[in-house]
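Going by numbering that gives the first Met the number 0, the sequence shown opens with residue 0, and the numbers climb by one from there.
Backbone N, C-alpha and C fix where the C-beta goes; we use that ideal spot for every residue, glycine too.
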Amino acid sequence: MSLHIDEATPVLSAEQTLTGWRREFCVELLGDGQARIFLRAVPAASLKAAELRRGLLFHRVNHAFHDLPGCVAASRDVLERLAQTASRPEPTPDNLFATACFDRQTWDRVVYAVEQWQRRPPPTSCLPHAAAPMPRSDPALSRRPTRG
0 MSLHIDEATP VLSAEQTLTG WRREFCVELL GDGQARIFLR AVPAASLKAA ELRRGLLFHR
60 VNHAFHDLPG CVAASRDVLE RLAQTASRPE PTPDNLFATA CFDRQTWDRV VYAVEQWQRR
120 PPPTSCLPHA AAPMPRSDPA LSRRPTRG
């Protein structure tokens, strides 16, 4: 399997949410078509350049985001494509800070899929659906009485 999913969801308290803590959807590009997907809580915005050195892509998600397995299932194709197209070059004396190489358009598709997942309508209630009212077949029953 090319995607390793860490299902642990970091808990954010109401106080942390109010003081700027956020959750980030993260994809760590491991190379050889492998990627680790997880959520993390951070006290401030992450620095993209620093994270790219580690082969880590991230996208801010809503504080209520909690269904990582469902999100990954919905966007599995594009996540696998991202993992397959990514590479981790070995640092060389000329470039000691080699970063991960990845297809930017594929990452943009991942971000779009995550955004769509967050914006989906909430799941329906677990209560049974009320049956639709039966149509009246007798025309006399559907007429209003006339006042006279």
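Going by CA-CA distance only, name the one from the options that's closest to residue i.
i: Glu-6; options: Trp-20, Phe-37, Ala-13, Ser-12; result: Phe-37
i: Leu-29; options: Thr-91, Ala-63, Ser-1; result: Ser-1
i: Gly-32; options: His-3, Asp-66, Gly-19, Val-41; result: His-3
i: Tyr-156; options: Ala-99, Val-60, Pro-68, Pro-120; result: Past the boundaries of the shown model lies residue 156; the chain is included only from 0 to 147, so the question cannot be answered.
i: Gly-69; options: Arg-119, Arg-21, Pro-9, Val-10; result: Arg-119
i: Asp-102; options: Thr-8, Arg-87, Arg-21, Asp-93; result: Arg-87
i: Ala-48; options: Arg-75, Phe-57, Gln-115, Thr-8; result: Phe-57
i: Ala-85; options: Thr-105, Ser-45, Ala-73; result: Thr-105
i: Arg-75; options: Arg-22, Trp-116, Trp-20; result: Trp-116
Among all the DSSP beta bridges, which residues are the ones paired with residue i?
i: His-58; result: Phe-24
i: Gly-30; result: Gln-33
I need the DSSP call for residue i, collapsed to helix, strand or coil.
i: Val-71; result: helix
i: Leu-2; result: strand
i: Leu-11; result: coil
i: Ala-48; result: helix
i: Ala-99; result: coil
i: Arg-108; result: helix
i: Arg-35; result: strand
i: Thr-91; result: strand
i: Ala-40; result: strand
Can you name, in chain order, every residue of its own chain whose Cβ lies under 6 Å from the Cβ of residue i, other than the five neighbours on each side?
i: Ala-13; result: none
Excluding five sequence neighbours on each side, which residues of the same chain lie with their C-beta closer than 8 Å to the C-beta of residue i?
i: Ser-124; result: Bear in mind that the predicted position of Ser-124 carries a pLDDT of just 49, short of 50, making it too unreliable to give a figure here.
i: Ala-71; result: The identity of residue 71 in the sequence shown is Val, whereas the question assumes Ala. These residues qualify, in order along the chain: Leu-2, Ile-4, Ile-36, Leu-78.
i: Thr-16; result: His-62
Who are the Cβ neighbours of residue i in its own chain at under 7 Å, not counting the five residues just before and after it?
i: Glu-27; result: Ala-34, Arg-35, Gly-54, Leu-55
i: Leu-51; result: Thr-98, Ala-99
i: Thr-8; result: Leu-38, His-65, Leu-67
On the three-pair Cβ rule with 8 Å, is the stretch 78-85 touching the stretch 99-110?
yes
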